[in-house]
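To keep things clear, I will list the structure first and then write my remarks on it.
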Amino acid sequence: MQVNRSIKGNPALDAVDHALGRPYRTDKTNRDHFATSDPDEIKEMIATGWWIDCGEKFETRYLRVSDAGRKALAFELAKPEYGRLFSITSKRYDGETFVMAKSHSAAKYEAYVNADLDWSFMEYCKEISVRLAA
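Numbering (this note's numbering), first residue to last: 140 to 273.
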(Lines of atoms letter the chains of each structure in order from A and count residues from 1; the text may use other names and numbers.)
(Lines give C-alpha, C1' and ligand atoms only; values in the text may rest on other atoms or scores of the structure.)
Protein backbone atom coordinates (compact mmCIF):
# COMPACT_ATOMS: atom_id res chain seq x y z
CA MET A 1 0.00 0.00 0.00
CA GLN A 2 1.28 3.43 -0.86
CA VAL A 3 0.40 6.84 0.50
CA ASN A 4 0.47 10.35 -0.90
CA ARG A 5 3.37 12.26 0.68
CA SER A 6 6.76 13.81 0.11
CA ILE A 7 9.81 14.07 2.33
CA LYS A 8 10.28 17.80 2.74
CA GLY A 9 13.75 19.23 3.19
CA ASN A 10 15.57 16.05 2.17
CA PRO A 11 15.44 15.41 -1.60
CA ALA A 12 17.81 12.43 -1.31
CA LEU A 13 15.48 10.65 1.11
CA ASP A 14 12.47 11.67 -0.98
CA ALA A 15 14.11 9.82 -3.91
CA VAL A 16 14.36 6.70 -1.71
CA ASP A 17 10.69 7.08 -0.77
CA HIS A 18 9.77 7.51 -4.45
CA ALA A 19 11.79 4.46 -5.51
CA LEU A 20 10.01 2.32 -2.92
CA GLY A 21 6.61 3.56 -4.11
CA ARG A 22 5.88 5.76 -1.07
CA PRO A 23 5.00 2.80 1.13
CA TYR A 24 3.49 2.92 4.59
CA ARG A 25 5.89 0.20 5.73
CA THR A 26 9.38 0.38 4.24
CA ASP A 27 10.05 -3.34 4.66
CA LYS A 28 7.01 -4.38 2.57
CA THR A 29 7.48 -3.00 -0.94
CA ASN A 30 7.19 -4.32 -4.47
CA ARG A 31 9.41 -1.58 -5.88
CA ASP A 32 12.98 -0.73 -4.95
CA HIS A 33 14.79 0.84 -7.90
CA PHE A 34 15.53 4.16 -9.55
CA ALA A 35 16.75 4.81 -13.09
CA THR A 36 18.66 7.90 -14.19
CA SER A 37 21.16 8.98 -16.80
CA ASP A 38 22.32 12.14 -14.97
CA PRO A 39 25.96 11.57 -13.81
CA ASP A 40 25.71 14.20 -11.05
CA GLU A 41 22.54 12.65 -9.67
CA ILE A 42 24.15 9.20 -9.73
CA LYS A 43 27.17 10.47 -7.73
CA GLU A 44 24.96 12.20 -5.16
CA MET A 45 22.75 9.16 -4.72
CA ILE A 46 25.60 6.69 -4.27
CA ALA A 47 27.33 9.05 -1.81
CA THR A 48 24.38 8.78 0.60
CA GLY A 49 24.94 5.04 1.12
CA TRP A 50 21.22 4.45 0.54
CA TRP A 51 21.66 2.96 -2.93
CA ILE A 52 23.27 -0.07 -4.57
CA ASP A 53 24.54 0.41 -8.11
CA CYS A 54 22.99 -2.26 -10.34
CA GLY A 55 24.82 -1.23 -13.49
CA GLU A 56 23.97 0.45 -16.76
CA LYS A 57 21.74 -0.56 -19.65
CA PHE A 58 20.84 1.54 -22.69
CA GLU A 59 22.76 4.55 -21.28
CA THR A 60 20.66 4.51 -18.09
CA ARG A 61 22.06 3.71 -14.65
CA TYR A 62 19.90 1.55 -12.36
CA LEU A 63 20.13 1.91 -8.60
CA ARG A 64 18.41 -0.19 -5.94
CA VAL A 65 17.53 1.00 -2.42
CA SER A 66 19.87 -0.54 0.19
CA ASP A 67 18.91 -1.71 3.68
CA ALA A 68 20.47 1.50 5.00
CA GLY A 69 18.14 3.51 2.76
CA ARG A 70 15.11 1.60 4.02
CA LYS A 71 16.18 2.17 7.63
CA ALA A 72 16.77 5.89 7.06
CA LEU A 73 13.32 6.24 5.51
CA ALA A 74 11.66 4.26 8.32
CA PHE A 75 13.36 6.52 10.89
CA GLU A 76 12.12 9.63 9.05
CA LEU A 77 8.56 8.32 8.72
CA ALA A 78 8.37 7.65 12.47
CA LYS A 79 8.22 11.42 13.02
CA PRO A 80 4.76 12.70 14.03
CA GLU A 81 4.46 15.14 11.11
CA TYR A 82 3.85 12.23 8.72
CA GLY A 83 0.83 11.08 10.70
CA ARG A 84 -0.47 7.59 11.25
CA LEU A 85 -2.27 5.07 9.09
CA PHE A 86 -6.07 5.04 9.35
CA SER A 87 -8.57 2.57 7.93
CA ILE A 88 -11.83 3.93 6.48
CA THR A 89 -14.77 1.55 6.03
CA SER A 90 -18.19 2.36 4.65
CA LYS A 91 -21.65 1.07 5.55
CA ARG A 92 -22.56 1.10 1.85
CA TYR A 93 -19.49 -0.48 0.27
CA ASP A 94 -17.27 -3.47 0.97
CA GLY A 95 -13.57 -3.11 1.59
CA GLU A 96 -11.49 -0.46 3.23
CA THR A 97 -9.45 2.55 2.26
CA PHE A 98 -6.21 3.55 3.96
CA VAL A 99 -5.08 7.13 4.47
CA MET A 100 -2.23 8.79 6.30
CA ALA A 101 -3.36 11.57 8.64
CA LYS A 102 -2.57 13.20 11.97
CA SER A 103 -6.02 12.61 13.49
CA HIS A 104 -9.30 10.74 12.97
CA SER A 105 -11.00 13.88 11.68
CA ALA A 106 -8.14 14.61 9.28
CA ALA A 107 -8.40 11.01 8.04
CA LYS A 108 -12.13 11.47 7.38
CA TYR A 109 -11.46 14.62 5.39
CA GLU A 110 -8.57 13.07 3.42
CA ALA A 111 -10.76 10.10 2.49
CA TYR A 112 -13.63 12.41 1.52
CA VAL A 113 -11.42 14.53 -0.73
CA ASN A 114 -10.20 11.39 -2.53
CA ALA A 115 -13.67 9.81 -2.81
CA ASP A 116 -15.53 10.21 -6.09
CA LEU A 117 -18.99 10.94 -4.64
CA ASP A 118 -21.67 13.59 -4.95
CA TRP A 119 -22.27 13.64 -1.20
CA SER A 120 -21.72 16.46 1.24
CA PHE A 121 -18.97 15.96 3.78
CA MET A 122 -21.56 15.48 6.55
CA GLU A 123 -23.38 12.78 4.56
CA TYR A 124 -20.06 11.06 3.94
CA CYS A 125 -19.14 11.14 7.64
CA LYS A 126 -22.41 9.44 8.58
CA GLU A 127 -21.66 6.54 6.23
CA ILE A 128 -18.07 5.75 7.26
CA SER A 129 -16.14 4.59 10.25
CA VAL A 130 -12.51 5.45 10.93
CA ARG A 131 -9.99 3.55 13.03
CA LEU A 132 -6.24 3.33 13.41
CA ALA A 133 -4.94 0.60 11.13
CA ALA A 134 -3.00 -2.23 12.69
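For glycine and all other residues, C-beta sits at the position ideal for the given N, C-alpha and C. Everything numeric in this text was worked out from a predicted model, so none of it was measured.
Tell me the rounded alpha-carbon separation between residue i and residue j.
| i | j | result |
| --- | --- | --- |
| Y263 | Y232 | 12 Å |
| A240 | F225 | 7 Å |
| K147 | R170 | 21 Å |
| S268 | S242 | 13 Å |
Can you tell me where the beta strand (DSSP E) holding residue i begins and where it ends?
| i | result |
| --- | --- |
| R231 | R231 -> no beta strand (DSSP E), and no H or E assigned at all. |
| L202 | T199 to V204 |
| I191 | W190 to K196 |
Alpha carbons only, please: which of the options is nearest the one belonging to residue i?
| i | options | result |
| --- | --- | --- |
| F237 | G208, L271, L212 and G160 | L271 |
| R223 | R209, E235 and A246 | A246 |
| K196 | S176, F260 and G208 | S176 |
CB-CB under 6 Å to residue i, same chain, minus the five flanking residues each way: which ones, in chain order?
| i | result |
| --- | --- |
| T187 | A151 |
Would you call the CB atoms of residue i and residue j closer than 8 Å?
| i | j | result |
| --- | --- | --- |
| K230 | E180 | no |
| W190 | R203 | yes |
Excluding sequence positions up to five away, which residues of its chain have a Cβ less than 7 Å from the Cβ of residue i?
| i | result |
| --- | --- |
| I185 | D192 |
| F260 | Y251 |
Hey, quick one: how far does the alpha helix (DSSP H) through residue i stretch, first residue to last?
| i | result |
| --- | --- |
| S244 | H243 to N253 |
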